[in-house]
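S.K.:
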Amino acid sequence: MIYDTIIIGGGPAGVAAGVYSARKKLKTLIITESFGGQSTVAENIENWIGAKKISGIEFAKMLEEHIRAQENVEIKMPENVVDIKELPGDPTARAGWEVTTDKNNSYQARTLIVTSGGRRRRLNVPGEDKFKGKGVAYCSTCDAPVFKNKSVAVIGGGDTGLEAAIDLAQYAARVYLISNKESLVGDLSIQEMVKNSEKITVIENANVQEILGDKFVSGLKYFDKNDNQIKDLDVEGIFVEIGSTANSEFIKKLVNTNQKGEIIIDHKTGATSRPGIFAAGFITDEIYKQNNISAGDGVTAALSVYNYLINNKTWQKQK
Ligand SMILES: Cc1cc2nc3c(=O)[nH]c(=O)nc-3n(C[C@H](O)[C@H](O)[C@H](O)COP(=O)(O)OP(=O)(O)OC[C@H]3O[C@@H](n4cnc5c(N)ncnc54)[C@H](O)[C@@H]3O)c2cc1C
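With our numbering applied, the sequence shown covers 1058 to 1376.
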């Protein structure tokens, strides 16, 4: 059995690709660890077009129901892709790909759509797990309004941290921007905005050691490398903005990736450097990482897969 396409991932990019692939009557397999993607942990999503407000869990349920309602789509979940090999044969015939998973299963397909997204870098300090979604957040674009008139800390002195501090200053009463370096390192014009903001206090050369609280975050402890003192800071929200890692380990040897491990794609089609492998959403070098954008990218990739297949003689013969 060889699928027309295997979609890796069940976030907004993977589900959108699956729905469109089904509507093009492609024999489709989705392999995913889970449905919903990274924002499943968000208390509320307020910018998914068509829904004023939806919890991360409802969002995941909605995506799963939509994909399960499609004909022609098989689902393997929970299952993780660990390796991909090109099928043997004449390379010009573009035979396809064999995908191996952590359950030691192998599946074959003419094409692949990689939508395995990413994971936020974590601080790895005590309290981070306990208060995730209870004051500890990882996406200021998504959660800044929740902290209206509150006091918050942003951890991270690079571009993501600086932008988060600016985002948050529009809502929060006070923003502490904590960097473990001696000075901020992000974009100079945004650094200027941060330094000129009356609401933002920059704390440099500081290592966060612990997140404090009872039911919700009430503060954090940090080591001040300037005077070698451990200090407490009272805040009701903590944004960990130290970047993210792409889930591209299993595909890196096959396609071109950038320094961040993101798959480089043609943004008009979702095509990667390898014919027959497409990618969409957070895993790619797409600049803006948002649910709506991932879904749109997933649609683009699925339609491109369809075009690729109708131009592929091996596939046409077998249909
Ligand atoms: C806490 C938080 C809150 C957020 N809130 C919002 C918001 O309110 N609005 C908004 O627009 N964006 C929000 N974002 C950003 C948004 O979540 C991402 O832009 C979006 O999830 C990207 O979708 P994706 O489908 O491209 O990738 P992902 O969401 O990362 O999905 C990847 C999928 O691949 C699966 N997977 C990973 N590795 C493998 C593997 N090896 N094999 C099989 N499956 C695999 C995962 O289980 C998952 O289903 C938030 C992010 C975070 C972290």
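Where is the CB? At the ideal position from N, CA and C, for every residue including glycine. Nothing here was measured: the structure is a model prediction, and the numbers come from that model.
So, under 8 Å CB-CB, K1278 and E1267 are touching, yes? Tell me the CB distance rounded to an integer number of Å.
M.R.: 4 Å
S.K.: Does the Cβ-Cβ distance between I1132 and A1337 come in under 8 Å?
M.R.: No.
S.K.: So, do the stretch 1208-1220 and the stretch 1339-1356 have three or more beta carbon pairs nearer to each other than 8 Å?
M.R.: no
S.K.: Between the alpha carbons of N1262 and I1114, how many angstroms are there, rounded?
M.R.: Roughly 37 Å separates the two Cα atoms.
S.K.: In angstroms, rounded to a whole number, what distance separates the CA positions of V1211 and D1061?
M.R.: 45 Å
S.K.: Which residues in the same chain have their Cβ closer than 7 Å to the Cβ of A1328, if we skip the five residues on either side of it in sequence?
M.R.: I1322, F1335, S1361
S.K.: Going by DSSP, what residue range makes up the beta strand (DSSP E) through G1066?
M.R.: 1059-1067
S.K.: Going by DSSP, which residues form a beta bridge with N1237?
M.R.: None, per the DSSP bridge assignment.
S.K.: Let's see if you can read the secondary structure: which residues bound the alpha helix (DSSP H) around T1198?
M.R.: 1197-1200
S.K.: Check each candidate in D1140, L1144, M1119, T1097 and name the one with the smallest Cα separation from G1107.
M.R.: M1119
S.K.: According to the neighbour-count rule (16 or more other Cβ atoms, all chains shown, within 10 Å of its Cβ), is Q1316 buried or exposed?
M.R.: exposed
S.K.: May I ask whether a heavy atom of ligand 1 can be found less than 7 Å away from the beta carbon of S1361?
M.R.: no
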